[in-house]
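S.K.: The following block contains the structure, expressed as structure tokens.
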Amino acid sequence: MTSAMCQMRAEEAEAIAADDRTLSSRLDQFEVQMADLEVDDATRVEIAELRDLIATQSKTAATYAGAAVDSAGIATAVAAAAHKAHGGIAEAVQSSPIEVAAQRGYYER
Numbered sequence: 002m003t004s005a006m007c008q009m010r011a012e013e014a015e016a017i018a019a020d021d022r023t024l025s026s027r028l029d030q031f032e033v034q035m036a037d038l039e040v041d042d043a044t045r046v047e048i049a050e051l052r053d054l055i056a057t058q059s060k061t062a063a064t065y066a067g068a069a070v071d072s073a074g075i076a077t078a079v080a081a082a083a084h085k086a087h088g089g090i091a092e093a094v095q096s097s098p099i100e101v102a103a104q105r106g107y108y109e110r
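Residue numbers (this note's numbering): 2 to 110.
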């Protein structure tokens with residue numbers, strides 16, 4: 002479950018990064034149009050600052066996606082290790098030839 006949640010977050014972050022790349026491309030086109038329309042320098046600076054913010058957000062989203070993928074892998078490894086170390090305990094108790102050991106709550110004292 003944790004692994005799936007991490008993977009879902011990675012996909013969401015990757016989608017944000019992709020959207021940011023699309024928006025940045027549109028801003029590039031918009032800047033060309035602004036030059037043709039002789040838009041004032043202050044507005045052009047604001048657009049450049051917006052592009053920088055979007056680039057930072059995109060980079061952060063990509064980093065987050067990578068970390069989420071790593072976390073998903075770690076969660077899977079931890080689950081496998083826990084199952085390897087402890088996964089057979091319930092089965093061993095249930096199949097035990099000793100009746101008391103197989104009773105519910107025996108190990109909860």
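We treat Cβ as the ideally placed atom computed from N, Cα and C, and that holds for glycine.
1. Just to confirm, is the Cβ distance from leucine 76 to threonine 3 under 8 Å?
2. Measure the alpha-carbon distance for glutamate 15 versus phenylalanine 31 and round it to whole angstroms.
3. Provide the residue span of the alpha helix (DSSP H) that contains glycine 74, from first to last.
4. Between Asp37, Gln95, Leu28, Gln58, which lies nearest to isoleucine 48 when the distance is taken from Cα to Cα?
5. Just the C-alpha distance for valine 33 and leucine 24, rounded to the nearest angstrom, thanks.
6. Can you look up aspartate 6 in the DSSP assignment and give me helix, strand or coil?
7. Could you give the DSSP three-state label for glutamate 92: helix, strand or coil?
8. For arginine 22, I'd like the list of residues in its chain whose CB is within less than 7 Å of its CB, leaving aside the five on either flank, ordered along the chain.
M.R.: This is what the structure gives:
1. The question names leucine, but residue 76 is alanine in the sequence shown. Yes, they are a contact pair.
2. So the two alpha carbons sit approximately 24 Å from each other.
3. For glycine 74, the enclosing alpha helix (DSSP H) covers residues 42 to 87.
4. Comparing Cα positions, the closest option is Leu28.
5. Approximately 14 Å between the Cα atoms of the pair.
6. Checking the sequence, you will find methionine at residue 6 rather than aspartate. Helix, per DSSP.
7. Three-state DSSP puts glutamate 92 in a helix.
8. Within the same chain, Ser59 come within 7 Å of arginine 22 by CB-CB distance, once the 5 residues on both sides are set aside.
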